[in-house]
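Undergrad: Quick one: the structure is below, questions incoming.
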Amino acid sequence: MVMAPIPTAKSENGTAAAATVAPGAVAGAHPIAVKAENVNVFYGEKQALFDVSVDIPDRTVTAFIGPSGCGKSTFLRCINRMNDTIEGARVEGRITLDGNDIHDPSLDVVELRARVGMVFQKPNPFPKSIYENVSYGPRIHGLARNKAELDQIVESSLRKGALWEEVKDRLHEPGTGLSGGQQQRLCIARAIAVSPEVILMDEPCSALDPIATAKIEELIDELRQNYAIIIVTHSMQQAARVSQLTSFFHLGKLVESGTTDHIFTNPVDQRTQDYITGRFG
Ligand SMILES: Nc1ncnc2c1ncn2[C@@H]1O[C@H](COP(=O)(O)OP(=O)(O)OP(=O)(O)O)[C@@H](O)[C@H]1O
Ligand SMILES: [Mg+2]
Numbered sequence: 013m014v015m016a017p018i019p020t021a022k023s024e025n026g027t028a029a030a031a032t033v034a035p036g037a038v039a040g041a042h043p044i045a046v047k048a049e050n051v052n053v054f055y056g057e058k059q060a061l062f063d064v065s066v067d068i069p070d071r072t073v074t075a076f077i078g079p080s081g082c083g084k085s086t087f088l089r090c091i092n093r094m095n096d097t098i099e100g101a102r103v104e105g106r107i108t109l110d111g112n113d114i115h116d117p118s119l120d121v122v123e124l125r126a127r128v129g130m131v132f133q134k135p136n137p138f139p140k141s142i143y144e145n146v147s148y149g150p151r152i153h154g155l156a157r158n159k160a161e162l163d164q165i166v167e168s169s170l171r172k173g174a175l176w177e178e179v180k181d182r183l184h185e186p187g188t189g190l191s192g193g194q195q196q197r198l199c200i201a202r203a204i205a206v207s208p209e210v211i212l213m214d215e216p217c218s219a220l221d222p223i224a225t226a227k228i229e230e231l232i233d234e235l236r237q238n239y240a241i242i243i244v245t246h247s248m249q250q251a252a253r254v255s256q257l258t259s260f261f262h263l264g265k266l267v268e269s270g271t272t273d274h275i276f277t278n279p280v281d282q283r284t285q286d287y288i289t290g291r292f293g
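Numbered according to the working numbering, the sequence shown spans residues 13 to 293.
Okay, here's the thing in structure tokens:
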């Protein structure tokens, strides 16, 4: 297996960080799950992303930070080809998942979106029961041969989503009847149910109170054992708490990527420094 080198902080123009990152700063070195090379995105005439290249390792939480409108959500949507669904959006560049080009014409986009799950800012359970929210994906992807297997997937996904104990006696009640934090864990369980490799989370806690946020952060830390996770957040504290790697975006460019420790303590680029110290954004 090809192991990814431990990433060191690198600025947009390729200047290596002055200080080296201690090996082991990122727990173990993991293979690259998603590799993006020179990604440009346009909405009509307007360019939203410029030449974004980044490696996202498996079993690691990568935080995307940067001011509003800098292209974080746009880049997340590239990874599971959600921009395909936006009229007038055009994506250039190469993105691979486990080494396979996600724009390959032979690739099934529905399958890609199962392999690359997504969790949004506002919890969005289907207007159906808790059970059906989780079982829908495995059913349409044919992951269970019978009801017993489907039940098993629902239970294990809800357990992995840290929600099972709270809902096991009300599986057939509407998912929309849960609290906001529970709904978000339901959405995470729903993403997990189709056995993804990557989970994209776009500000998953911004609609939640501090207690629900703490639960989701704890859950993200557990999920890191099995998935590559990207989390977009406007909270520097959250990025520092949950991620091992951080990428800073500014005006459609990926300015700097590195270990979270390094980005927060010794960034290479002045724009990163200004953002993390609250000078703009
Ligand atoms: N569907 C769309 N149509 C046209 N322009 C869009 C669309 N979605 C995003 N944009 C533009 O692309 C740029 C990047 O937007 P994006 O939503 O990716 O930023 P973001 O970093 O996620 O911001 P925020 O932190 O506010 O969520 C912005 O200028 C935005 O106006
Ligand atoms: Mg966004």
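Positions of the beta carbon are idealized from the N, C-alpha and C atoms, including for glycine.
(1) Please state whether DSSP places ALA101 in a helix, a strand or coil.
(2) Taking one C-beta from the segment 268-285 and one from the segment 246-254 each time, how about it: are there three or more such pairs within less than 8 Å?
(3) Quick one: grab the DSSP three-state call for GLY290.
(4) Which word fits HIS42, buried or exposed, when buried means at least 16 other C-beta atoms lie within 10 angstroms of its C-beta?
(5) Apart from the five residues just before and just after GLY83, which ones in its own chain have a Cβ nearer than 6 Å to its Cβ?
(6) Between which two residues does the beta strand (DSSP E) holding MET248 run?
(7) Reducing DSSP to helix, strand and coil, say where ASN112 ends up.
(8) Indicate the three-state DSSP secondary structure (helix, strand or coil) for HIS274 in the structure shown.
(9) Let me have the residue list for ligand 2: C-beta closer than 7 Å to any non-hydrogen atom, ordered along the chain.
(10) Could you give the distance in angstroms between the alpha-carbon of ARG125 and the alpha-carbon of LEU162?
(11) Evaluate ILE114 with the Cβ neighbour count: other Cβ atoms within 10 Å of its Cβ, from every protein chain shown; 16 or more gives buried, anything less gives exposed.
(12) Would you tell me roughly how many angstroms separate the C-alpha atoms of SER80 and ALA160, rounded to the nearest one?
(13) I want to check one thing, is the minimum distance from the CB of ILE77 to the heavy atoms of ligand 1 below 7 Å?
(14) Which term fits ARG291, buried or exposed, when burial requires 16 or more other beta carbons within 10 angstroms of its beta carbon?
(15) Using a Cβ-Cβ cut-off of 6 Å (strictly less than) and excluding sequence neighbours within five positions of VAL244, which residues of its own chain qualify?
(16) Going by DSSP, what residue range makes up the beta strand (DSSP E) through ILE63?
(17) Could you tell me the boundaries of the beta strand (DSSP E) in which LYS47 lies?
(18) Name the two residues that bound the continuous alpha helix (DSSP H) containing THR188.
(19) Tell me where the beta strand (DSSP E) around PHE87 begins and ends.
(20) Out of THR72, ILE165, MET130, GLU230, which one is the CA nearest neighbour of LEU257?
TA: Once the coordinates are examined:
(1) Here residue 101 corresponds to residue number 89 of the sequence shown, with the count starting at 1. ALA101: strand per DSSP, three-state reduction.
(2) yes
(3) Locating residue 290 in the sequence shown gives position 278, counting from the first residue. It is coil, neither helix nor strand.
(4) Start at 1 with the first residue of the sequence shown, and residue 42 comes out as number 30. HIS42 comes out buried.
(5) Within the sequence shown, residue 83 is the residue found at index 71, counting from 1. If we look at GLY83 and ignore the five residues flanking it on each side, its Cβ neighbours are ALA60, LEU61, PHE261, GLY264.
(6) Your numbering for residue 248 matches position 236 in the sequence shown. Unbroken run through MET248 is the alpha helix (DSSP H), 248-254; no beta strand (DSSP E).
(7) As a position in the sequence shown, residue 112 is number 100, starting the count at 1. If DSSP states are grouped into helix, strand and coil, ASN112 belongs with the strands.
(8) Reading the sequence shown from its first residue, position 262 is the one you call residue 274. Helix.
(9) LYS84, SER85, ASP214, GLU215, VAL244
(10) Here residue 125 refers to the residue found at position 113 when the sequence shown is read from its first residue. Here residue 162 refers to the residue found at position 150 when the sequence shown is read from its first residue. Taking the straight line from one Cα to the other gives about 20 Å.
(11) Stepping through the sequence shown from its first residue, residue 114 is reached at position 102. When all chains shown are included, ILE114 counts as buried.
(12) Taking the sequence shown and counting its residues from 1, one reaches residue 80 at position 68. Taking the sequence shown and counting its residues from 1, one reaches residue 160 at position 148. The straight-line gap from Cα to Cα measures roughly 45 Å.
(13) Against the sequence shown, residue 77 aligns to sequence position 65. Because no heavy atom of ligand 1 lies under 7 Å away, the Cβ of ILE77 does not count as near it: no.
(14) By one-based count along the sequence shown, residue 291 stands at place 279. So ARG291 counts as exposed.
(15) In the sequence shown, counting from the first residue as 1, residue 244 sits at position 232. PHE76, LYS84, ASP214, GLU215.
(16) Counted from its first residue, the sequence shown places residue 63 at position 51. According to the sequence provided, residue 63 is Asp. The question's Ile does not apply to it. Counting along the chain, the beta strand (DSSP E) containing ASP63 begins and ends at 58-69.
(17) What you label residue 47 is simply residue 35 of the sequence shown in a count that begins at 1. Its beta strand (DSSP E) spans residues 44-55.
(18) Locating residue 188 in the sequence shown gives position 176, where the first residue counts as 1. Taken as a continuous stretch (DSSP letters only), THR188 belongs to no alpha helix (DSSP H), as it is neither H nor E.
(19) As a position in the sequence shown, residue 87 is number 75, starting the count at 1. Premise fails: PHE87 lies in the alpha helix (DSSP H), 84-91, not in any beta strand (DSSP E).
(20) Against the sequence shown, residue 257 aligns to sequence position 245. When only C-alpha atoms are compared, the closest one is THR72.
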